[in-house]
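This report refers to the structure that appears directly beneath it.
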Amino acid sequence: MAKQYEMFKVRVTDVEQATPLIKRFTLAREDGASLPAFSGGSHVIVQMQSACGSQFSNAYSLMSDPRDLSSYQIGVRLEEQSKGGSAFMHNHVQVGTELTISTPNNLFALDPTAGRHVLIAGGIGITPFLAQLHELEGSDTPYELHYAFRAPEHGAFQGDLESGPHAQSTRFYIDSLDRKLDLAGLCAGLADDAHLYVCGPKPLIDAVIATAAAAGIDASRVHWEQFAAAAPAAGAAFTVVLAKSGTELQVEEGMTILQAIEKSKAAKVECLCREGVCGTCETAILEGEAEHFDQYLSDEEKASQQTMMLCVSRARSARLVLDL
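Heads up: the sequence shown begins at 10 in our numbering, then just goes up one per residue.
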């Protein structure tokens with residue numbers, strides 16, 4: 010059922026301003042011990058607490074070399090409409106700051122059956138691919154990276170890519186210089202065993218999924234990740250029944266089930282990320298049908314309507330009965 014994480018403390022050992030909006034943070038154990046192992050595409054949940062007591066939790070991809078467990082590196086973009094997490098990281102976290110993070114979890118791993126890996130990044134979406142590129146060093150499986158961003162100053166870690174061993178396999182697309190990524194052309198030329206991976210803004214992810222489908226690429230060969238809480242669906246209000254207590258809650262338009270439960274104090278639900286990626290708020294559905302917006306459950310699990318993530322998903326039916 011719900012995912013369980015071990016939480017542990019790390020110290021920030023380095024902070025780099027990679028672009029005007031992106032910082033790279035290096036994290037290590039204070040005692041110098043090795044960090045938990047991870048694979049390319051993994052993320053950690055970072056918990057933060059401000060001086061006034063406000064708490065934030067965000068998921069960030071690990072971008073460092075999985076072979077080096079002396080430290081982790083994450084990239085954090087300052088969001089224009091930050092709910093607190095990215096603003097806290099940018100404005101208050103510095104060398105020496107102590108943070109609490111989770112053990113790594115991977116929902117975006119490279120598919121070992123792929124005959125070719127085609128990586129497509131937009132902006133801060135480059136971070137999981139940086140770790141995966143380390144894994145691809147010396148691999149017999151061909152790969153290519155397509156990295157799109159708005160302007161030269163927003164090309165986070167472009168210098169690392171241009172000077173590293175993956176330079177020949179990387180292409181850059183810069184909107185302000187009219188260098189556009191031709192998704193249709195890219196998808197049209199793919200072999201039947203090639204897999205697509207995309208991470209970045211939702212419009213880019215949607216475009217890759219739609220273009221791949223139009224090109225006849227099976228959905229099982231398209232992998233995507235986006236760390237941003239889905240906006241609550243603009244659907245009608247619905248009723249949630251907490252089966253263990255019989256409590257009925259009204260979930261209004263623009264509200265998540267988790268928010269409704271927390272507002273009513275009707276039950277205690279653990280949730281680390283509030284973005285539909287960590288799995289800690291997974292809850293069994295006893296009656297009704299959910300509309301899923303998370304990235305944790307597989308398509309098959311979503312279709313089964315057995316469980317749902319309360320932090321982002323809503324009801325497709327007028328009434329949901331949950332095992333709470």
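A virtual CB, placed ideally from N, CA and C, is assigned to each residue, including glycine.
Ignore the nearest five residues each way along the sequence and tell me which others in residue i's own chain have a CB closer than 8 Å to its CB.
i	result
A293	M10, Q315, T316, L331 and D332
T28	E162, H163, G164 and A165
Take residue i as the anchor and find which of the options has the nearest alpha-carbon.
i	options	result
G49	I83, A118 and T22	A118
A228	G244, V217 and T248	V217
T179	V127, V207, F34 and G285	V127
C320	L190, A299 and L267	L267
P113	G288, A203 and L205	G288
C282	M72, G93 and L78	G93
R76	A46, L306, C61 and L139	A46
Assign residue i to buried or exposed, taking buried as 16 or more other Cβ atoms, counted over all protein chains shown, within 10 Å of its Cβ.
i	result
H101	exposed
C280	buried
C290	buried
Q304	buried
T136	buried
K272	exposed
Q82	buried
K311	buried
G134	buried
Determine whether the beta carbon atoms of residue i and residue j lie at a separation below 8 Å.
i	j	result
L295	A275	no
E257	A245	no
R86	L44	no
S59	F97	yes
A130	E284	no
H301	S326	no
G124	T106	no
L195	V231	no
H52	S70	yes
S80	S73	yes
If you drop the 5 nearest sequence neighbours on each side, which residues of the same chain put their C-beta closer than 7 Å to that of residue i?
i	result
D19	Note that residue 19 corresponds to Val in the displayed sequence, not to Asp. So the qualifying residues of the chain are L36, A37, R38, L108 and I110.
E88	S95
Q26	K32
L192	A216, V217 and T220
I214	V207, W233 and Q235
E146	P174
L190	H155, A157 and Y182
K253	L333
Give me, in chain order, the residues of the same chain whose beta-carbon lies closer than 6 Å to that of residue i; leave out the 5 immediate sequence neighbours on both sides.
i	result
L142	H175
L329	V249 and G297
E15	T112
Q56	S66 and T109
G132	F158 and G209
D184	R159
Measure from the C-beta of residue i to each C-beta in chain D and report whether the shortest distance is under 8 Å.
i	result
E284	In the displayed structure, chain D is absent; only one protein chain is listed.
Whole runs of the beta strand (DSSP E) within the stretch 104-138, excluding any shorter than 3 residues | 107-111 and 125-131
Sequence ranges, beta strand (DSSP E) only - wholly within the stretch 201-266, length at least 3 = 203-208, 231-234, 247-251 and 256-260
Within the stretch 151-208, note down every full alpha helix (DSSP H) run reaching 4 residues or more, in order along the chain.
-> 167-172 and 192-197
What runs of the beta strand (DSSP E), each 3 residues or longer, lie entirely inside the stretch 12-41?
-> 16-26 and 31-37
Every unbroken alpha helix (DSSP H) inside the stretch 270-330 [4 residues or more] | Whole alpha helix (DSSP H) segments, 4+ residues: 308-313.
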